[in-house]
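Line by line, the protein sequences are chains L and V. Per our numbering, the first sequence starts with residue 1, numbered consecutively. Per our numbering, the second sequence starts with residue 208, numbered consecutively. Yeah, the Cβ is synthetic: ideal placement off N, Cα and C, and Gly gets one too. Everything below concerns the one structure shown next.
There are 2 protein chains.
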Amino acid sequence: MSTKERILDAAVTLFSLKGYDAVSVGQIAEAVGIKAPSLYKHFKGKQDIFNAILKEMQKRYEIQSKELQMDGNNAAEDAGVFTAVSEDMLVNMGKRLFIYFLHDDYVCKFRKMLTIEQFHNKELASLFTKQYVDDPLSYQSAMLALLTQAGVLRQEERKIMALHFYAPIYILLTLCDRQPEREEEALQLVEQHIKQFSRIYQKEVRS
Amino acid sequence: MSTKERILDAAVTLFSLKGYDAVSVGQIAEAVGIKAPSLYKHFKGKQDIFNAILKEMQKRYEIQSKELQMDGNNAAEDAGVFTAVSEDMLVNMGKRLFIYFLHDDYVCKFRKMLTIEQFHNKELASLFTKQYVDDPLSYQSAMLALLTQAGVLRQEERKIMALHFYAPIYILLTLCDRQPEREEEALQLVEQHIKQFSRIYQKEVRS
DNA sequence: GTCTATAAGAAGATAGAC
DNA sequence: GTCTATCTTCTTATAGAC
Numbered sequence: 001m002s003t004k005e006r007i008l009d010a011a012v013t014l015f016s017l018k019g020y021d022a023v024s025v026g027q028i029a030e031a032v033g034i035k036a037p038s039l040y041k042h043f044k045g046k047q048d049i050f051n052a053i054l055k056e057m058q059k060r061y062e063i064q065s066k067e068l069q070m071d072g073n074n075a076a077e078d079a080g081v082f083t084a085v086s087e088d089m090l091v092n093m094g095k096r097l098f099i100y101f102l103h104d105d106y107v108c109k110f111r112k113m114l115t116i117e118q119f120h121n122k123e124l125a126s127l128f129t130k131q132y133v134d135d136p137l138s139y140q141s142a143m144l145a146l147l148t149q150a151g152v153l154r155q156e157e158r159k160i161m162a163l164h165f166y167a168p169i170y171i172l173l174t175l176c177d178r179q180p181e182r183e184e185e186a187l188q189l190v191e192q193h194i195k196q197f198s199r200i201y202q203k204e205v206r207s
Numbered sequence: 208m209s210t211k212e213r214i215l216d217a218a219v220t221l222f223s224l225k226g227y228d229a230v231s232v233g234q235i236a237e238a239v240g241i242k243a244p245s246l247y248k249h250f251k252g253k254q255d256i257f258n259a260i261l262k263e264m265q266k267r268y269e270i271q272s273k274e275l276q277m278d279g280n281n282a283a284e285d286a287g288v289f290t291a292v293s294e295d296m297l298v299n300m301g302k303r304l305f306i307y308f309l310h311d312d313y314v315c316k317f318r319k320m321l322t323i324e325q326f327h328n329k330e331l332a333s334l335f336t337k338q339y340v341d342d343p344l345s346y347q348s349a350m351l352a353l354l355t356q357a358g359v360l361r362q363e364e365r366k367i368m369a370l371h372f373y374a375p376i377y378i379l380l381t382l383c384d385r386q387p388e389r390e391e392e393a394l395q396l397v398e399q400h401i402k403q404f405s406r407i408y409q410k411e412v413r414s
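Rendered as structure tokens:
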């Protein structure tokens, strides 16, 4: 790992814990194992480091989006076939999403950093909403629409259905960001949530 | 309004926008219309101002909790009577909760401040979770249990049911904190969400 | 690319006049 | 209770030696 990368890594770690303003260039340098002035050979300044993190993260996000969409298309194709096991499919999908978002080191730190900095300017606010609200909702919406068309789930408003699927996962994820000691509890709730979600949205079998 | 109160007001406004570390004592003083050293006649220091905001907000929260519980008990008693209009009752309750949380000036600023500072220490993390996750969930859970017992809603896991009711409201609330321009859209989604929530959780009338 | 030395400014906080 | 003046420390950033 190059020094430039190590600086970004140390910076995102500190920013995710204390926020941009509470972290000094000296602290970043110390975490890397160099002195503050050496850092200016790699970046123009503190803001430049922050921008580099943003740029790097957006690059990773785009790559990850494409991969997820591929998985999604596969999962969606599966949905048509395995109508019976749709609950397990949803549970696995949800848990996988949850664990990935929670345990991927860079993703996790970046999310915390954005959480702290989201009110700082409009671009950061938009970025947060895009990555953690709009994109997940539109992705889940598309997936759930396929399950509806396949006749597995009830015909309900798609967007709201996606909200019912994603919002509980989101609130539990942000809970874990804040209190990692409650991760096990949260993971169980995610599982329970999805099971109950598929139960209540299932097409009723006449009793 | 006393100078002490005006300092707290200016401080919470600035903290909710930029976070504790990005705000200087001088900026707070300027917002109040005094010079920085004058501020030290009212508070021991910057941290003391922050603590006072915290204390004040917890006082208000406890008062508000008691009031809400009273409303809740009333609403719950109503629930047994008006089984037919339970959907409207839920919609009104949800929208009222949403609008109160979103438009009460101090509540709103304090929530943003806590959002920014939640990772700073364990007490702030616990406080955030209590006020915006655990307490609302346990309150909603109690209310929904009464609707279940009254035979209006299906018998499902209470905690998850509360999560399905509250999580969408929570995610839309945090969206509005970040992007107030999307408030109208969010409010419509809240309404749609609750209507769909009561539809899918309703005891099925045999077709 | 790393270091030491250092500039230039802002920060939190105190002393003491009024 | 407010002010000016001041202290000390920390901050970002640069200059220049190695």
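Listed along chain L are L163, H164 and A167, each with a C-beta nearer than 7 Å to that of V/P375. One alpha carbon belongs to V/G252, the other to V/F317, and they sit about 19 Å apart. The three-state secondary structure of V/Q325, taken from DSSP, is coil. Interface flag for V/E390 against chain L is unset, since no Cβ pair is found closer than 7 Å. Excluding sequence positions up to five before and after L/I49, its CB lies within less than 6 Å of the CB of A11 and F43, all in the same chain and listed in chain order. Nearest Cα to V/N258 within the set V/P244, V/D295 and V/M320: V/M320. Looking from the CA of V/Y227, the closest CA among V/S272, V/Q325, V/C315 and V/Y313 belongs to V/Q325.
Around the Cβ of L/P168, a 10 Å sphere holds 16 or more other Cβ atoms; the residue is buried.
In the structure shown, the three-state DSSP call for V/Q362 is coil.
In the pairwise beta carbon analysis, the segment 19-34 of chain L is classified as touching the segment 224-241 of chain V: at least three pairs are separated by under 8 Å. Annotated as proximal: L/I116 and V/I323, with beta-carbon spacing under 7 Å. Taking the Cα of L/Q155 as reference, the smallest distance to any Cα among L/I171, L/S198 and L/H193 is reached at L/S198. If you compare the alpha carbons of L/V133, L/I200, L/L175 and L/Q149 with that of V/I378, the shortest gap goes to L/V133.
Residue burial annotation: V/A236 is buried, with at least 16 other C-beta atoms found within 10 angstroms of its C-beta. Per DSSP, the unbroken alpha helix (DSSP H) holding V/K225 starts and ends at T210 to K225. DSSP, reduced to helix, strand and coil, places L/Q202 within a strand of the structure shown.
For a Cβ distance threshold of 7 Å, residue set I378 and L382 of chain V lies close to L/V133, ordered along the chain. Here V/V340 carries a helix assignment [DSSP, helix/strand/coil].
Against chain V, a Cβ distance below 9 Å from L/G19 picks out G226, Y227, D228, A229, I323, E324, F326 and H327. Counting only Cβ-Cβ distances below 9 Å, V/L396 has contacts in chain L at K159, I160 and L163, in chain order. Under the three-state reduction of DSSP, L/F43 is assigned to coil, being neither helix nor strand. Inter-residue distance for V/Q395 and V/K266 is about 32 Å (C-alpha atoms, whole angstroms). The three-state secondary structure of V/Q386, taken from DSSP, is coil. Across the segment 139-156 of chain L, CB contacts with chain V closer than 8 Å involve R154 and E156, in sequence order along the chain.
Contact between the segment 379-387 of chain V and the segment 118-128 of chain L is present, with at least three C-beta pairs closer than 8 Å. Neighbourhood of L/H103 in chain V, by CB distance below 7 Å: empty, with the nearest CB roughly 17 Å away. Boundaries of the alpha helix (DSSP H) around L/K95: S86 to H103. Non-local C-beta neighbours of V/Y268 in its own chain, meaning closer than 7 Å and more than five positions away in sequence, comprise Q338, ordered along the chain.
Nearest CB-CB separation between L/I200 and chain V: below the 7 Å threshold. For L/I28, the enclosing alpha helix (DSSP H) stretches over residues V25 to V32.
Not a single C-beta of chain L is nearer than 7 Å to the C-beta of V/Q265.
Around the Cβ of L/G151, a 10 Å sphere holds fewer than 16 other Cβ atoms; the residue is exposed. Counting of Cβ neighbours within 10 angstroms places L/P37 among the exposed residues, the total staying below 16.
When CB distances to chain V are screened at a threshold of 7 Å, the residues of the segment 20-54 of chain L falling below it are D21 and A22, in chain order. Minimum Cα-Cα distance from V/Y247 among the listed residues V/E274, V/K273, V/Q271 and V/T210 corresponds to V/T210. Contacts with chain L at 7 Å (Cβ-Cβ) include V/Q386.
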